[in-house]
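K.L.:
Here it is, the structure, as structure tokens.
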Amino acid sequence: MSSGAHRRSTVAVKDALRELRNQLALLNHQVSARVALKDVDLECLELIARHGPLSPSAVARRAGLHPATMTGILDRLQKGGWIVRERDPEAADRRSVAVRAVPGRTGELFRLYAGMNTAMDELCAGYSEDELALIAGFLRRATAAGQAETAALTGG
Numbered sequence: 000m001s002s003g004a005h006r007r008s009t010v011a012v013k014d015a016l017r018e019l020r021n022q023l024a025l026l027n028h029q030v031s032a033r034v035a036l037k038d039v040d041l042e043c044l045e046l047i048a049r050h051g052p053l054s055p056s057a058v059a060r061r062a063g064l065h066p067a068t069m070t071g072i073l074d075r076l077q078k079g080g081w082i083v084r085e086r087d088p089e090a091a092d093r094r095s096v097a098v099r100a101v102p103g104r105t106g107e108l109f110r111l112y113a114g115m116n117t118a119m120d121e122l123c124a125g126y127s128e129d130e131l132a133l134i135a136g137f138l139r140r141a142t143a144a145g146q147a148e149t150a151a152l153t154g155g
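Read in numbering that gives the first Met the number 0, the sequence shown has 24 at position 25, and its numbers run on one by one without any break.
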């Protein structure tokens with residue numbers, strides 16, 4: 000492939016990723032509105048559900064947010080019954096807290112994302128296992144690049 004064609008293909012991929020990011024942000028906004036959460040609250044809940052239990056500072060780091068901002072988010076999530084804060088028995092500091100998602104609440108979110116999950120299953124059915132492995136690898140690498148840039152912008 001010529002350098003001009005490669006450059007055009009790269010631009011097309013980056014444009015498609017921006018469009019995907021925008022569309023997923025709109026979907027997440029609709030989901031967060033349905034469960035009376037702010038968009039950032041939903042994003043932090045997702046981090047906690049996928050990677051938790053986590054300390055509040057670990058959630059803040061992963062989300063690229065200031066710890067004081069995280070306190071307000073965790074307060075809202077706890078008040079809404081989405082998370083619990085528990086003493087971390089494995090921490091050296093007995094005051095340490097771990098945050099975990101309340102398992103029973105995630106069903107509500109799964110139902111709201113069910114249409115998108117079905118659409119993704121149908122989309123993936125049209126690709127071979129090798130193609131899906133390539134796509135998944137690309138998306139993991141793109142995610143890692145985004146995490147690195149988030150850390151750079153937040154000083155982490």
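Cβ coordinates follow ideal geometry from the N, Cα and C atoms, glycine included.
Drop a sphere of 10 angstroms on the beta-carbon of S56, count the other beta-carbons inside from all chains shown, and report buried for 16 or more, exposed for fewer.
P.N.:
Flag for S56 reads exposed.
K.L.:
Thinking just about the alpha-carbon of each residue, which of T117, I134, Q77 and T70 is nearest to the one in L16?
P.N.:
The shortest Cα separation from L16 among T117, I134, Q77 and T70 belongs to I134.
K.L.:
Is DSSP giving R94 helix, strand or coil here?
P.N.:
Three-state result, R94: coil.
K.L.:
Within 10 Å of its beta-carbon, does R61 have 16 or more other beta-carbons around it, so buried, or fewer, so exposed?
P.N.:
It counts as buried.
K.L.:
If you run the structure through DSSP and keep just helix, strand and coil, what is L36?
P.N.:
In the structure shown, L36 sits in coil (DSSP, three-state: anything other than H, G, I, E or B).
K.L.:
Measuring only the C-alpha atoms, how far is R7 from R20?
P.N.:
Approximately 20 Å between the Cα atoms of the pair.
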